[in-house]
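One structure is given below, encoded as structure tokens.
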Amino acid sequence: MSGALRIPGTGRLSQAKTARFSFDGQSYAGIEGDTLASALLANGVHLVGRSFKYHRPRGILSAGAEEPNALVQIVRDDARKTPNVRATVQELYDGLAANSQNRWPSLSFDVGAVNDLASPLFSAGFYYKTFMWPKAAWKSLYEPKIREAAGLGVSPDRPDPDHYSSRYAHCDVLVLGGGAAGIAAALAAAETGVRVILADEQAEFGGSLRFESGAKIDGKDGFAWAQAAIARLSAMDNVRVLPRTTAFGYYAQNFVGLVERVSDHLKAPGHDLPRERLWQVRAKRVVLASGAIERHMVFANNDRPGVMLAGAARTFLNHYGVAVGKNVGVYTANDSAYSAAIDLKKAGVNVAAIVDLRDNPTGPVIDEARALGIEINFGRAVIRAGGKLRVSSMTVQPKNGGGERTIPVDAILMSAGWTPSVHLFSQSRGKVAFNDETKRFVPGTYAQDCVSVGACNGTDGLAATVDEAYAAGAKAAKDAGAKAAKETKPKVDASESWSRGMLGAAPGAGPDTTVKAFVDFQNDVTAKDIRQAVHEGMRSIEHVKRFTTNGMATDQGKTSNMHGLAIAAETLGKPIPEVGLTTFRAPYTPVTFGAIVSHARGPLFDPTRRTAIHPWAEAQGAVFEDVGQWKRAWYFPKAGEDMHASVDRECVGVRNQAGLFDASTLGKIEVVGPDAAKFMELLYTNPWEKLEPGRCRYGIMLREDGFIYDDGVVGRLAPDRFHVTTTTGGAPRVMNHMEDYLQTEFPHLNVWLTSITEQWAVIAVQGPKSRDIIAPLVEGIDMSDEALPHMSVREGKICGVPTRLFRMSFTGERGFEVNVPADYGQAVWEALWAEGQKHGATAYGTEAMHVLRAEKGYIIVGQDTDGTVTPNDAGLDWAVGKKKADFVGIRGMARPDLVAKGRKQLVGLKTKDPKVVLEEGAQIVEDPKQAIPMKMIGHVTSSYWSQNCGRSIALALVAGGRDRMGDTLYVPMPDGVIEVEVAGMVFFDETGGRLNG
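Structure (structure tokens):
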């Protein structure tokens, strides 16, 4: 048996397919096709959770993604525990295990319910006014307890064993929403032959047709028509149909994020199936058919289990075959609730009474309800619901006051009207407009190539919705480049029509300050909280939202926003449009971290990049370090050597003979085009127009604010072609920086940018013997100093493969950088290594490279700079073109604070004890005896032991550093104060003679 409240002959599920499940350890039976919510209701379970702040008993409010109360934890095993799953969305499968949340020790007896009794202490904005005294209690008492109480559900504490996938997709027309409007729009677009994607968050398409018993399209029941139309769309090659897929975010340039629930509904998902799939879709046109969300009535105790939306009760009946109660009351200001009462009455459920806040409404549904013998009470209000763990009664009173009457019920169905779902439209940066006649916010000014259709556009009536959507789908296809096709527009034969409802609090919701009439169920916000926020000075709806938390978190105001807005407007005495509407933020519904991260976790969290020479270094026993995403050889220890001994040997070897270094990770960008030189002039501080082909120049790139952004050597290969090098970690951002300026600031320049970092392996050969090692292997390049002076580049061959050979140095020695296609990188390295062994060459790693460059005072951007260093601060004024009229950062460099005296400048430091090596990051002071906190005048940026210098060396940023040459400063450390002398930045070969051998 699948539940005592399952009504034979109703719904669309097959009784033959039973599924066993458990809730809080209690076993129940449902039917395949149920949601957890419908299965619980079929078994008479209404109490499913406790509220966030007051821990009040809560039941199922809705039948869809707007559900604020029925948030449960789904448990597959110890590693698969998913909190905050909406029971109205979770599909039932055999063996499903669910637990309620936010309660202890049990759902029916929750100690936290004491908060409800103490609610005067937790009124709106209480967290801004409390926990301030005593000050010491914040860290030891308040913060730990608040953190312990915060949130709903319990986060998983084991690694997620499931896998997730992601896909990029492009289409001509993307239709979001699979109700009548979305299906009609998709049909119109698909018939033209354009590429169409249709997505809907439900397992079955149809939208409100799932519960509308009075809808008929093309001679079929509305839901049957929807299934037939989906089958037709699914059979088309140009259409992709995505059920169980939520559009959670609408971003720039018609980029929409979708999450598809692939296997959450399966009992035993195969290992080949992802749990969820992230779709990142770029569409030429987007059709928004996201429907409307029913509003609840705001009255006292409207949160009792068994009080739910009328449309939800109708869905549970007409789709799932479940009655939400045996003796149901209805409270409404809208015709749609009458349809729910009629359907329940026809199914054999007793409808105790309909309470209609309106005075004398008329219409077919009202006449039908009366004809069925249902008691109707016009001009009356439900002022409170009775019961605790389950609603037991509703107390009715004339809306203008008078005698009260209590009617026993076991469920209350409510409807205050329908709110267009403009979340995605708002996310697209569109501006909503308030329709004063219908009292609804609807799409107004569009910011992207999209259109809203149906209920989300404020369109009433099924026939009008289908007509509008079909026309919009056809137009979207045409705008995307399609030719007109023969129309087969669906014909609406019968439909239901609903009146517009009400906004704000109903009678019985206050202004009595003790009444709990809930506006936002998920955040425990009541009507009196909204009024209190206004009374305490909140005038903007955004401030009211934050003061009360109305419409915040995962709910994003789906059911609460319009009521909260109307109450605030009434309290302020202003029209609703003047108070405004809050911003709807992505995601529309919560998205798992797994779906966002996909495969990027564990070893794949960040891609590991290896150079072509990596296998050789690995075979030689190199120790590697992570530099950005790259694995780089750190040092090459020989037997018995520690890191320091290895680095010392490598540094001495480079200076005395030669060294080979894998520099492939350096960023490399080709700047090509007739305006390449003009572009370089604008992006770098240096002049480039007069740089001859075949020559190189050290370049500095600034941000607009005048601070150093990156640096590197640039070679001019031809009048229209530059080979630009960047720092290893800076390559992606420099490429982005260049492309951004090219597209936005200098689009008139005829230039192309190409990242070539991975196309070229780079082998640095440095040292007195470097030319002797390279020359025998080079073809077509004159290696003499006259033909190939320092800072030159030539193209030719080495070992028979193409090369771009740079004469340059990052060690201060005669040096070359051999660029070869990456496929030949290891082979050329091995050839150079074999030749190098004849001359005593050594392989050296990044640590030795750092020491060698520091000995010569060469900076590393990001280590010796910190984002606030100018060329002058770094001693690089010589690299700024004095006659240049413009480049990025030229105005920033001239700011008064960037040319003021006393700025931190890069200088060298020598410890008074040459054997003491400073710690990088250590702070520098003038007077070590001053009171704490000391005035710090700088910090150490680079520090090493230099075997070549026979002492420690360091670079530092020091206030007014160049005016302090020879001065003694101090570096306070835990073990004592270290004396240092301010010195020049060059510690080895100050004249630079070794560059030419």
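Numbering (the working numbering), first residue to last: 2 to 998. Ideal Cβ placement from N, Cα and C applies to all residues, glycine included. Bear in mind the structure is a predicted one, so any value in this text is a computation, not a measurement.
Excluding the 5 residues preceding and the 5 following residue 69 in the sequence, name in chain order all residues of the same chain whose CB lies nearer than 7 angstroms to its CB. 62, 522, 523, 556 and 560
Could you tell me the distance, in whole angstroms, from the CA atom of residue 873 to the CA atom of residue 641? 45 angstroms
Exposed or buried, what is residue 753 when buried is set at 16 or more other beta-carbons lying within 10 Å of its beta-carbon? exposed
Please report how far the alpha carbon of residue 799 lies from the alpha carbon of residue 779, in whole angstroms. 4 angstroms
Measure the C-alpha to C-alpha separation of residue 994 and residue 809 and round it to an integer number of angstroms. 14 angstroms
Taking the C-alpha atoms as reference points, what is the distance between residue 568 and residue 258? 34 angstroms
Select from 475, 933, 467 and 436 the residue whose C-alpha is nearest the C-alpha of residue 451. 475
Closest to residue 434 by CA distance: which of 764, 147 and 446 is it? 446
Residue 763 and residue 618 closer than 7 angstroms at C-beta: no
Anyone know if the C-beta pair for residue 910 and residue 955 falls short of 7 angstroms? yes
In chain order, each beta strand (DSSP E) run of at least 3 residues that lies wholly inside the region 902 to 979: 905 to 912, 924 to 926, 937 to 947, 952 to 960 and 969 to 974
Length at least 4, wholly inside the region 294 to 360: the alpha helix (DSSP H) runs in chain order: 311 to 319 and 337 to 347
Tell me whether the region 650 to 661 and the region 834 to 843 touch, counting them as touching only if at least three CB pairs, one residue from each stretch, are closer than 8 angstroms. yes
Quick check: residue 495 and residue 414, are their CB atoms within less than 7 angstroms of each other? no
Start-end ranges of the alpha helix (DSSP H) lying completely within the region 55 to 128, minimum 4 residues: 115 to 118
Which residues bound the beta strand (DSSP E) around residue 799? 793 to 799
With distances taken Cα to Cα, identify the nearest neighbour of residue 938 among 423, 944 and 925. 925
Taking 7 angstroms as the CB-CB limit, is residue 314 close to chain C? Given the protein chain composition of this structure (a single chain), no chain C is represented.
Mind checking whether residue 279 and residue 260 have CB atoms under 7 angstroms apart? yes
What residue range does the beta strand (DSSP E) around residue 241 cover? 240 to 243
Between the beta-carbon of residue 858 and the beta-carbon of residue 986, is there less than 7 angstroms? yes
Compute the Euclidean distance between the alpha carbons of residue 439 and residue 60, then round it to the nearest angstrom. 30 angstroms
What's the C-alpha gap between residue 786 and residue 837? 20 angstroms
With a Cβ-Cβ cutoff of 7 angstroms, do residue 659 and residue 839 count as a contact? no
Could you check where the alpha helix (DSSP H) with residue 578 kicks off and where it finishes? 577 to 580
Could you check where the alpha helix (DSSP H) with residue 620 kicks off and where it finishes? 615 to 620
Pick from 623, 333, 339 and 350: whose alpha carbon is nearest that of residue 326? 350
Helix, strand or coil at residue 586 [DSSP, three-state]: coil
Since residue 638 and residue 624 should fall inside the 8 angstroms C-beta cutoff, what is the C-beta to C-beta distance between them, to a whole number of angstroms? 7 angstroms
Length of the line joining the Cα atoms of residue 599 and residue 36: 26 angstroms
Might you give, ordered along the chain, the residues of its own chain that have their beta carbon closer than 6 angstroms to the beta carbon of residue 923, omitting 5 neighbours on each side? 941 and 972
Given this structure, state the Cα-to-Cα distance separating residue 396 from residue 118, to the nearest angstrom. 22 angstroms
Among all the DSSP beta bridges, which residues are the ones paired with residue 246? 261
Quick one: what's got a C-beta closer than 6 angstroms to residue 757's C-beta in the same chain, skipping five residues either side? 669 and 671
Could you tell me whether the Cβ atoms of residue 334 and residue 502 are closer together than 7 angstroms? yes
Counting beta carbon pairs with one atom in the region 384 to 395 and one in the region 307 to 315, are three or more of them shorter than 8 angstroms? yes
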